[in-house]
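Structure, as structure tokens:
Chains as they are written, first to last, in full-length UniProt numbering: chain A, 1 to 147; chain B, 1 to 416.
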């Protein structure tokens, strides 16, 4: 059925019962990633702690299992990071999927490595990281008309 | 006396031998035999089309309409013969009414630009809620350019155009054109073209049908449906990409200004002004897609040899077989229940996103489309962000439908 292991139980469980989904009101920064090709959308809210590190991340994701699981893992891994560190984490992950180059990608994210064989689905996994970067860099969150 | 037994061939099996015409169907994907259920996006090509294009390039090719040499004249003859084929295919009353475009999208853009340039603010175009972006965005662009109004005819929850509402939309006499699909690429709905044309004409409007899907499955007769414009594309009709058709009534095409300027579309050119060639050449600027047009001709010959009656019977039987098979899949919901459905079935599945369905089907060699199918407003109307879509062609078999249904059942079990 899933010969190359893209849909590991961990991914399906995360998609089904996300831990970090929730309301974004009151967030220090908010960002959004959309994929116009498929209609997937991830909204992210970030709360910084007293030292400027990422204290809490919440997401509202609409999309496939890959998109939902990736958003939830992003929210988990970003916590405790410097803002720049979280951005670099996302960029390294994106580079891994796009080029295969592992430039210090967090091992937890290797569950998505089979996406290298599904080029059309890479954006599903990187969407949440784009939204996080938008939330951290202050790029205005797009308000979706149908949301 | 021995009476030979009457053998009733199941329509689904009647075209089975034709699969051998499509070399790609022998390929494997991820180690599995290819099950290609994405023909509504683009159909596979029979060897007759492949060879016709290759033979043209190998043995008989030159630019057309202008060469004073044997190769050019012969190639012109072959190219122009396809115009006759298209005219015959759709029942055009004159070959000059057939204009070659790049695809159906370009054909609709041509009408939106050229016919649209003759509209005035206060006039309106009516489309339906289930249009492909190709029959929506050009009219939005026309609206924004000229100040016309764009009206949208609603559909029922089953996926049929609400004809009463359409009548009301055209009742004020301001509608210059009703532009709707002849078969939905999402719902498979075959629209009642003649009724729509009658409603449009009674209100003084012209009517355009986007026949990109319909022409693949049923014979088009532009006279019987009383169309004013009809568009389709070659690559869904087992032909190549890069060639499409606009058919229009001669008196309309004659009155319309050119779409693009350049070579081949002029009568005379000076630095001060140019005059236009007659139709169809007025709308065919530049060197056309010669090889692709020849490929379209081969595709039409191929379909005509099989016969639309056989194609339509095969497809109808396949849809009739597929709908209950898919209904057996736990959590699966077929989208829409139109009065008349072509070989397109969109569906969703509880707890499984269409993209995950498509990826897992692909890992099992089954190609379907997933997403909004270039019909975002329709998705919104249906309250969906995406669907998976299986679409059938003349080479689709019962076993392929079975493979789809059983793999979908496995996918469902995988997620729940």
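Backbone N, C-alpha and C fix where the C-beta goes; we use that ideal spot for every residue, glycine too. Quantities reported herein were computed from a predicted structural model and do not represent experimental measurements.
Item, Value
"Chain A contact for residue 385/B (CB, 8 Å cutoff)", "yes"
"Residue burial classification, residue 124/B (beta-carbon count within 10 angstroms, cutoff 16)", "buried"
"Three-way DSSP call (helix, strand, coil) for residue 35/A in this model", "strand"
"Entirely enclosed alpha helix (DSSP H) segments - the segment 130 to 191 of chain B, minimum 4 residues", "137 to 146 and 163 to 170"
"Proximity winner among 414/B, 377/B, 384/B and 369/B, relative to residue 36/B (alpha-carbon distances)", "369/B"
"Alpha helix (DSSP H) runs wholly inside the segment 265 to 344 of chain B, at least 4 long, in chain order", "290 to 306 and 308 to 327"
"DSSP beta-bridge partners of residue 349/B", "332/B and 352/B"
"Ordered list of alpha helix (DSSP H) runs contained in the segment 192 to 268 of chain B, each at least 4 residues", "193 to 202, 214 to 217 and 250 to 255"
"Where residue 410/B meets chain A, residues with beta-carbon distance less than 7 Å", "1"
"Contact set between residue 39/A and chain B, taken where Cβ atoms lie within less than 8 Å", "371, 372, 376, 379, 385 and 386"
"Under the three-state DSSP convention, the category residue 143/A falls into", "Since pLDDT at residue 143/A reaches only 38, below the 50 mark, its modelled position is unreliable, and the value read off the structure follows with that caveat. Residue 143/A: coil per DSSP, three-state reduction."
"Cross-chain neighbours of residue 62/A in chain B, by beta carbon under 8 Å", "385"
"CA nearest to the CA of residue 334/B, picked from 382/B, 289/B and 175/B", "382/B"
"Counterpart residues of residue 128/B in DSSP-defined beta bridges", "153/B"
"Alpha-carbon spacing of residue 196/B relative to residue 249/B, whole angstroms", "17 Å"
"Check whether residue 302/B and residue 49/B have beta carbons under 8 Å apart", "yes"
"Residues of the segment 29 to 61 of chain B with Cβ closer than 9 Å to any Cβ of chain A, in chain order", "30 and 31"
"Contacts around residue 53/A, its chain only, beta-carbon distance under 8 Å, and the 5 residues preceding and following it disregarded", "80, 81, 82 and 83"
"Helix, strand or coil at residue 366/B according to DSSP, with G and I counted as helix", "strand"
"Interface partners of residue 414/B on chain A, CB under 8 Å", "1, 2, 7 and 12"
"Within-8 Å CB hit, residue 360/B to chain A", "yes"
"Cβ-Cβ distance between residue 132/B and residue 185/B below 8 Å", "yes"
"For residue 66/B, the three-state DSSP class (helix, strand or coil)", "coil"
"Cβ-Cβ separation, residue 300/B to residue 18/B (assumed contact under 8 Å), whole Å", "About 15 Å; that fails the 8 Å criterion."
"Minimum C-alpha distance to residue 251/B - residue among 211/B, 206/B, 172/B and 394/B", "206/B"
"Beta-carbon proximity of residue 253/B to residue 222/B, cut-off 8 Å", "no"
"Cβ-based neighbour list, residue 313/B, same chain, cut-off 8 Å, excluding 5 preceding and 5 following", "11 and 14"
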